[in-house]
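This report concerns only the one structure given below.
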Amino acid sequence: MVKRMMPFLLGMLFAMGPALSASPQGRIAKEGVVVEFYVSPTSGHPDIREGDYVDIAFKITDEEGNPLSGVYPAVWVDVVETEKGSRVKELGCRQRVGMYLRGLLGIRPLMDLNSYFILVMNLDPTISVIDPILGLSGITQLYAMIILKEAGEDWAKTYDEKRMFVTLPKGGEIAVVDLERFKASQYIPVGGLPVRIGIQPDEQYLWIGDDDRGQVIAVDVRSLKPIAYIPTGMGHHELAFSHDSRYVFVSNRQGGTVSVIDTHLLKKVKDIPVALPISLAYSPLSRMLYIADGKAGRIAVFDTQGLEVIGDIEAKPGLGPMAFTPDGRWGVIVNSLEDEAYVIDASSNQIAHTLRVGDQPFQVAFTQAYAYIYALGTEKVSMAPIKSFGKKGEVPIKTFPAGQNPPNKASGIKLAKPIVPVPNEAAVLVVNPADNTVYYYKEGMVAPMGGFRNYGHRPRAVNVADRSLKESKPGYYTARIKIPVAGTYEVAFLTETPSILHCFSFTAKPNPSVRPRSKLKLDYLVKDKRVEVQKPFKLRFRLVDPETGQPKAGLQDVRVLFYRSPGKDREEIMAKPLGEGLYEVTLRFSKPGAYYVYVSLPSEGISYNDLSYLTLLAVEEKP
Numbered sequence: 159m160v161k162r163m164m165p166f167l168l169g170m171l172f173a174m175g176p177a178l179s180a181s182p183q184g185r186i187a188k189e190g191v192v193v194e195f196y197v198s199p200t201s202g203h204p205d206i207r208e209g210d211y212v213d214i215a216f217k218i219t220d221e222e223g224n225p226l227s228g229v230y231p232a233v234w235v236d237v238v239e240t241e242k243g244s245r246v247k248e249l250g251c252r253q254r255v256g257m258y259l260r261g262l263l264g265i266r267p268l269m270d271l272n273s274y275f276i277l278v279m280n281l282d283p284t285i286s287v288i289d290p291i292l293g294l295s296g297i298t299q300l301y302a303m304i305i306l307k308e309a310g311e312d313w314a315k316t317y318d319e320k321r322m323f324v325t326l327p328k329g330g331e332i333a334v335v336d337l338e339r340f341k342a343s344q345y346i347p348v349g350g351l352p353v354r355i356g357i358q359p360d361e362q363y364l365w366i367g368d369d370d371r372g373q374v375i376a377v378d379v380r381s382l383k384p385i386a387y388i389p390t391g392m393g394h395h396e397l398a399f400s401h402d403s404r405y406v407f408v409s410n411r412q413g414g415t416v417s418v419i420d421t422h423l424l425k426k427v428k429d430i431p432v433a434l435p436i437s438l439a440y441s442p443l444s445r446m447l448y449i450a451d452g453k454a455g456r457i458a459v460f461d462t463q464g465l466e467v468i469g470d471i472e473a474k475p476g477l478g479p480m481a482f483t484p485d486g487r488w489g490v491i492v493n494s495l496e497d498e499a500y501v502i503d504a505s506s507n508q509i510a511h512t513l514r515v516g517d518q519p520f521q522v523a524f525t526q527a528y529a530y531i532y533a534l535g536t537e538k539v540s541m542a543p544i545k546s547f548g549k550k551g552e553v554p555i556k557t558f559p560a561g562q563n564p565p566n567k568a569s570g571i572k573l574a575k576p577i578v579p580v581p582n583e584a585a586v587l588v589v590n591p592a593d594n595t596v597y598y599y600k601e602g603m604v605a606p607m608g609g610f611r612n613y614g615h616r617p618r619a620v621n622v623a624d625r626s627l628k629e630s631k632p633g634y635y636t637a638r639i640k641i642p643v644a645g646t647y648e649v650a651f652l653t654e655t656p657s658i659l660h661c662f663s664f665t666a667k668p669n670p671s672v673r674p675r676s677k678l679k680l681d682y683l684v685k686d687k688r689v690e691v692q693k694p695f696k697l698r699f700r701l702v703d704p705e706t707g708q709p710k711a712g713l714q715d716v717r718v719l720f721y722r723s724p725g726k727d728r729e730e731i732m733a734k735p736l737g738e739g740l741y742e743v744t745l746r747f748s749k750p751g752a753y754y755v756y757v758s759l760p761s762e763g764i765s766y767n768d769l770s771y772l773t774l775l776a777v778e779e780k781p
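My numbering numbers the first residue of the sequence shown as 159 and each following residue consecutively.
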């Protein structure tokens, strides 16, 4: 929404008079629109304190008090004064908003409640976090790098977008990623070969398919402890959930069955025989489970109330992944042998349309207006307008090029989706692993508006961490944020129609229970980032206390991790203190390529994610 409004808003900002005076928990009315601002701590404490979570809310109505839905204001949160009264921001609220809309490097709010971050699952054991607003401006884009123990395969987020769970098949673990700090906060050992992962709708349990031991694993989302290992059948497992979280459905590809698990009893209550269960999808509209048999070329319709198959939808052999629109009315399933996709009408349990799509269709994604079909054998992504589903005649198919090479030219394709919708926009993000690029496509364009670099990492799947306000009920726009420090905060509120720019404010008090911990400042002392293969390379770096500016000397547990992209030849060594905050390690690079170097200090609670990293290019011989 912000990018679409940007030309208008920039003009509006500089045409307006002085910004309205801020008022805590305030109210503003303009041109028949009334905006009320609320901020309340979630801890139950009467005061807003540093370290607490608070709910930011805007109630938007007309003059009669009728809620206005679909407004989606632009909102930014900033600290403007410290708890001691020192001014932090030199620019006024109106000027800062103008800078934010331009996406200028170094001019960022503390919290941007209009934005999202792009999460890119890489071939190596990392997840790139990309800032899309700055990225499309061509200025900068890599916001953070999440380091994992092993390469991920699939992922699932909580509804509040605070945590994400990533399967690590090689390590038999689940990584728990903090989406507020963009760090792997802990690991859940589950054993076996965890591949597919999903969270049931009520978020009580996290479910993992174990492709090695023929079972599904239930993990309590609160305690993060495995609570049940339920045998289902051998082979790869796909997962689906009933809308009420009563059942989880687990396919067993080698076993030729789909298991029905009762989440209350935590046990299997039924097996559905299917020759080759290739994919599952649940429709909240029909309350049916749809089971694709890749070998027979038919889709079984399973009644989740009576727990029985009530019919089959005939298609063709070669069926693959399947998904339903969020309302559950239309399903789309791909056929990689026929280069087709079939539109399923959940109201009749019939195929409504057959779509000709790209070579080797692989995944399906939806925006409000389109169904997108991503193919492996072509760089072109197919688009089918949902409004045409159910009407007579052929569905008009559009395509756009997501890169220059077909994705199947790259190895290591992940199960996690390579295409996702952009929050609150008519747009999608598309990974092309053969181009090592994530593309941003906006509906109505003939080609992507831009792409995001990944700094030497090889992208395989994409997701988003949504930071935008949510309309929790008609006319109420809310977000939950964490207050990092005590002080005075300004909340900039901006709408297009009517043109409202107002800065509300609130104060956060010090919290005695919060003990701030400053991180170290790390400076790599490297002049030339090109290094020679097989020759010892002495890397020096300096650690400084950012609060005092004094060097941190004599630390005995400074560790250095380095590896060759995409995650190969990993090695961890101890750094030698040299005095005056200087440390040294000797690195040896076995093969040519890009190498990533990270520093940690366990005694200070500083992990490899907390400090900046260094990229070196190893070559056979330096010129």
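Idealized CB from N, CA, C, for every residue including glycine.
Rounded to whole angstroms, what is the Cα-Cα separation between residue i and residue j?
i      : j      : result
ASP681 : LEU740 : 10 Å
ALA666 : GLY464 : 54 Å
ASP768 : HIS394 : 36 Å
ARG698 : SER657 : 54 Å
VAL689 : ALA776 : 5 Å
GLY264 : TYR647 : Because the pLDDT of GLY264 is 45, which lies under 50, any placement of that residue in the model is unreliable, and the number read from its coordinates should be weighed accordingly. In a straight line, the C-alpha of GLY264 is about 19 Å away from that of TYR647.
ILE419 : VAL374 : 9 Å
PHE662 : PRO359 : 35 Å
VAL580 : LEU326 : 26 Å
ASP220 : PHE340 : 39 Å
SER273 : ALA637 : 12 Å
PRO735 : ASP715 : 9 Å
LYS328 : VAL684 : 34 Å
TYR196 : ASP213 : 8 Å
LEU271 : GLU496 : 44 Å
GLY548 : VAL649 : 45 Å
LEU259 : GLY391 : 53 Å
ARG728 : THR653 : 49 Å
SER286 : MET279 : 7 Å
PRO565 : TYR754 : 25 Å
Would the beta-carbon of residue i fall within 8 Å of that of residue j?
i      : j      : result
PRO431 : ILE449 : no
TYR532 : PHE520 : yes
ALA481 : ALA542 : no
SER403 : THR421 : yes
LEU364 : ALA333 : no
ASN590 : ALA619 : no
GLY645 : THR316 : no
ASP236 : ARG252 : no
Tell me which same chain residues have a C-beta within less than 6 Å of the C-beta of residue i, skipping the five on either side of it?
i      : result
ALA210 : It should be pointed out that residue 210 corresponds to Asp in this sequence rather than to Ala. These residues qualify, in order along the chain: PRO199, SER201 and ILE641.
ASN669 : ARG207, GLU208 and GLY209
SER770 : LEU680
ARG487 : LEU443 and ALA504
TYR635 : PHE216, LEU627 and GLU629
SER343 : VAL334 and ASP336
TRP313 : MET322, VAL324 and ALA574
SER179 : With a pLDDT of only 32 at SER179, under the threshold of 50, the placement of this residue in the model should not be trusted; the figure read from the coordinates follows. Excluding positions up to five away in sequence, the list is empty.
PRO290 : ILE276
ASP369 : LEU351, VAL353 and HIS394
Assuming residue i and residue j are in contact, meaning their beta carbons sit under 8 Å apart, how far apart are those beta carbons, in whole angstroms?
i      : j      : result
ILE502 : TYR528 : Not quite, the Cβ-Cβ distance comes to about 17 Å (not below 8 Å), so this is no contact.
VAL324 : VAL335 : 6 Å
ILE366 : VAL377 : 7 Å
ALA454 : ALA433 : 5 Å
GLY356 : LEU397 : 4 Å
ALA752 : GLY602 : Wrong, their Cβ atoms sit about 37 Å apart, outside the cutoff.
Excluding the five sequence neighbours on either side, which residues of its own chain have a C-beta within less than 7 Å of the C-beta of residue i, listed in chain order?
i      : result
LEU738 : In the sequence as presented, Leu is not what sits at residue 738; that position holds Glu. Same-chain partners within the cutoff: PRO709 and ALA711.
GLU472 : ARG456
ARG371 : GLY350
LEU745 : PHE695, LEU697 and PHE720
SER546 : VAL553 and PRO554
Beta-carbon of residue i versus every beta-carbon of chain C: anything under 8 Å?
i      : result
GLY310 : Judged by its chain identifiers, the structure shown contains no chain C, having just a single protein chain.
Near residue i, which residues of its chain fall below 8 Å by C-beta distance, leaving aside the five closest residues on each side in sequence?
i      : result
VAL522 : PRO479, MET480, ALA481, VAL490, ILE491, VAL492, ALA499, ALA529, TYR530, ILE531 and TYR532
ILE555 : LEU513, ARG514, VAL515, SER540, MET541 and ALA542
ASP703 : SER676, LEU678, LYS679, PRO709 and LYS710
SER181 : Low confidence applies here, because SER181 scores a pLDDT of 44, under 50, leaving its location unreliable; read the following figure in that light. Closer than 8 Å at the Cβ level, and outside the excluded window around SER181, lie PHE662 and SER663.
| Any alpha helix (DSSP H) of 4 or more consecutive residues that is wholly inside the segment 251-290 | 251-260
| request: Let me know the beta strand (DSSP E) ranges lying completely inside the segment 300-354, each 3 residues or longer, listed in chain order. | output: 300-305, 313-315, 321-326, 331-336 and 341-347
| field | Complete runs of the alpha helix (DSSP H) confined to the segment 677-759 [at least 4 residues] | value | none
| task | Give, in chain order, every unbroken run of the alpha helix (DSSP H) that is at least 4 residues long and sits entirely within the segment 495-562. | result | none
| message | In chain order, what are the residue ranges of uninterrupted beta strand (DSSP E) at least 3 long that sit wholly in the segment 591-629? | response | 595-600, 608-610 and 617-624
| query | What are the complete beta strand (DSSP E) segments, minimum 3 residues, inside the segment 392-463? | reply | 397-399, 405-410, 415-420, 425-431, 435-441, 446-451 and 456-461
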